Amino acid sequence: MNFIDSRRRHIAAGLALAPLATSLSVFGQAAMPKTLTLLVPQNAGGSNDVVARAVAARLPQLLGGSNVVVENRPGAGGNVGSAWVAKSAPKDGSVWMVTVNSAQAVNPSLYKSTGFDPINDFEPVAGIAIVQHAIVVNPKFPANTLSELVALVRKDPGKYSYGSSGNGTFSHLLMEMLKKSQNVQITHIPYKGVAPALTDVIGGNLDIMISTIPACLQFVKGGQLKALAVPSLQRAPALPNVPLANESVPGLVGELWVAMYAPKGVSRELI
């Protein structure tokens, strides 16, 4: 399965890039490098990677023809790539980072040392997208609602497993919120990105996954995954018939934001 290409076709389902065009319109007023690298500190195939590639396809129009490439530097929940941008990236405007709130806002509380300061090492450029999630299972999984899932895992503590895109990632934290609020035991299996975790759910090798909707949408619509709930305040436009998790588990709400940053020291004329 080509997760990146197929999900790019569904980008309109969960992403809004128009605000970025407004924020970056000033680029044309300054001399930009011939090649601009969008550094994604997570694995290829994740939502912010898909966002970065969608942005990369549009930026040349705003930058007067500059070449835009996407580079992935994953590791430690986004710390490796973020630290590289903070400490080693050139300050000439040739490298920008596209990252998510789990890396910028959560990691500093989870790790003793991330290798970067989310406030002092970066200049915010633009907010790009808010991405909703869905709790998905294999179609053969014996639960059709979130309430049924909770009852099932409560009956057999430790029998079932869930996957995340890595320790400390948004999918990991949301599922831990569910476990704590419902006092249930579900084994956590961290993966190196969302794509391999979804592959195992589809193949019946993993029970549960909280996935971003852009990542799982085509598989839900194709019948390869079953969506039980959306942990947001509003139903997902792409999955209007899937109920809110908050209806069954009060307080189970969380959304991913994707934003662009420049390393500290880049000329303000370029931001």
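Read left to right, the sequence shown gives residues 1072 to 1342 (our numbering). Every residue, glycine too, gets a C-beta built ideally from N, C-alpha and C. Since the model is a prediction, treat every value here as computed from it, not as a measurement.
Residue from D1227, T1270, G1274 whose Cα sits closest to the Cα of V1255:
As a working note, residue 1255 is residue 184 in the sequence shown. Looking at the Cα atoms, D1227 is the closest of the given residues.
In chain order, what residues of the same chain lie with their CB nearer than 6 Å to the CB of L1130, ignoring the 5 residues before and after it?
As a working mapping, residue 1130 is identified with position 59 in the sequence shown. The answer, listed in chain order, is V1139.
Give the single residue among N1238, G1293, V1202, K1211 whose Cα lies nearest to the Cα of N1276.
Locating residue 1276 in the sequence shown gives position 205, where the first residue counts as 1. With distances taken between Cα atoms, N1276 lies closest to K1211.
In the DSSP assignment, the beta strand (DSSP E) including K1297 goes from what residue to what residue?
Here residue 1297 refers to the residue found at position 226 when the sequence shown is read from its first residue. Counting along the chain, the beta strand (DSSP E) containing K1297 begins and ends at 1297 to 1300.
State the CB to CB distance for the pair P1207 and Q1253, rounded to an integer number of angstroms; the pair is presumed to be in contact (CB under 8 Å).
Position 136 of the sequence shown, counting from 1, holds the residue named residue 1207. Position 182 of the sequence shown, counting from 1, holds the residue named residue 1253. Inspection of the sequence shows that residue 1207 is occupied by Val rather than by Pro. That pair is no contact at about 18 Å.
From which residue to which residue does the beta strand (DSSP E) around P1261 run?
Taking the sequence shown and counting its residues from 1, the one referred to as residue 1261 is at position 190. Here the beta strand (DSSP E) through P1261 covers 1258 to 1261.
What ranges does the alpha helix (DSSP H) occupy inside the segment 1237 to 1322, keeping only unbroken runs of at least 4 residues that lie completely in it?
1241 to 1253, 1265 to 1273, 1284 to 1292
Which word fits Q1305, buried or exposed, when buried means at least 16 other C-beta atoms lie within 10 angstroms of its C-beta?
Reading the sequence shown from its first residue, position 234 is the one you call residue 1305. So Q1305 counts as exposed.
Tell whether a beta-carbon distance below 8 Å holds between G1325 and M1280.
One-based indexing of the sequence shown puts residue 1325 at position 254. One-based indexing of the sequence shown puts residue 1280 at position 209. No.
Determine whether the beta carbon atoms of I1257 and H1204 lie at a separation below 8 Å.
Position 186 of the sequence shown, counted from the start, is the residue given in the question as residue 1257. Position 133 of the sequence shown, counted from the start, is the residue given in the question as residue 1204. No; because the gap between Cβ atoms is not below 8 Å, this pair is not in contact.
Give me the Cβ distance between P1112 and S1153, rounded to the nearest whole Å; I'm assuming they're in contact under 8 Å.
Here residue 1112 refers to the residue found at position 41 when the sequence shown is read from its first residue. Here residue 1153 refers to the residue found at position 82 when the sequence shown is read from its first residue. Sure, about 5 Å apart at Cβ, within 8 Å.
Between K1251, K1230, V1265, which lies nearest to G1237 when the distance is taken from Cα to Cα?
On the sequence shown, position 166 is the one that residue 1237 refers to. It is V1265 whose Cα lies nearest to the Cα of G1237.
So is K1297 buried or exposed if we call it buried at 16+ other beta carbons inside 10 Å?
By one-based count along the sequence shown, residue 1297 stands at place 226. It counts as buried.
Leaving out the 5 sequence neighbours to the left and right, which residues in its chain are closer than 6 Å to I1201 when beta-carbon positions are compared?
Indexing the sequence shown from 1 puts residue 1201 at position 130. Counting only Cβ-Cβ distances below 6 Å, and skipping sequence neighbours, we find E1326, W1328.
Quick check: what's the CA-CA separation for A1176 versus S1184?
Locating residue 1176 in the sequence shown gives position 105, counting from the first residue. Locating residue 1184 in the sequence shown gives position 113, counting from the first residue. Going from the Cα of A1176 to the Cα of S1184 covers about 14 Å.
Are L1299 and L1220 touching if we call contact CB-CB under 8 Å?
Numbered from 1 along the sequence shown, position 228 holds the residue referred to as residue 1299. Numbered from 1 along the sequence shown, position 149 holds the residue referred to as residue 1220. Result yes, Cβ atoms of L1299 and L1220 sit closer than 8 Å.
Please state whether the Cβ-Cβ distance between I1273 and Q1289 is less than 8 Å.
Your numbering for residue 1273 matches position 202 in the sequence shown. Your numbering for residue 1289 matches position 218 in the sequence shown. No, they are not a contact pair.
To which residues of the same chain is G1322 closer than 8 Å at the C-beta, ignoring the five residues directly before and after it?
By one-based count along the sequence shown, residue 1322 stands at place 251. Correct list, in chain order: M1248, S1252.
What are the uninterrupted segments assigned as alpha helix (DSSP H) that are 4 or more residues long and contained completely in the segment 1179 to 1242, given in chain order?
1217 to 1226
Would you decide whether T1240 is buried or exposed? Buried here means 16 or more other CB atoms lie within 10 Å of its CB.
Translated into positions along the sequence shown, residue 1240 becomes position 169. Result: buried.
Between A1333 and W1167, is the Cβ-Cβ spacing less than 8 Å?
By one-based count along the sequence shown, residue 1333 stands at place 262. By one-based count along the sequence shown, residue 1167 stands at place 96. Their beta carbons are under 8 Å apart, which means A1333 touches W1167 by this criterion.
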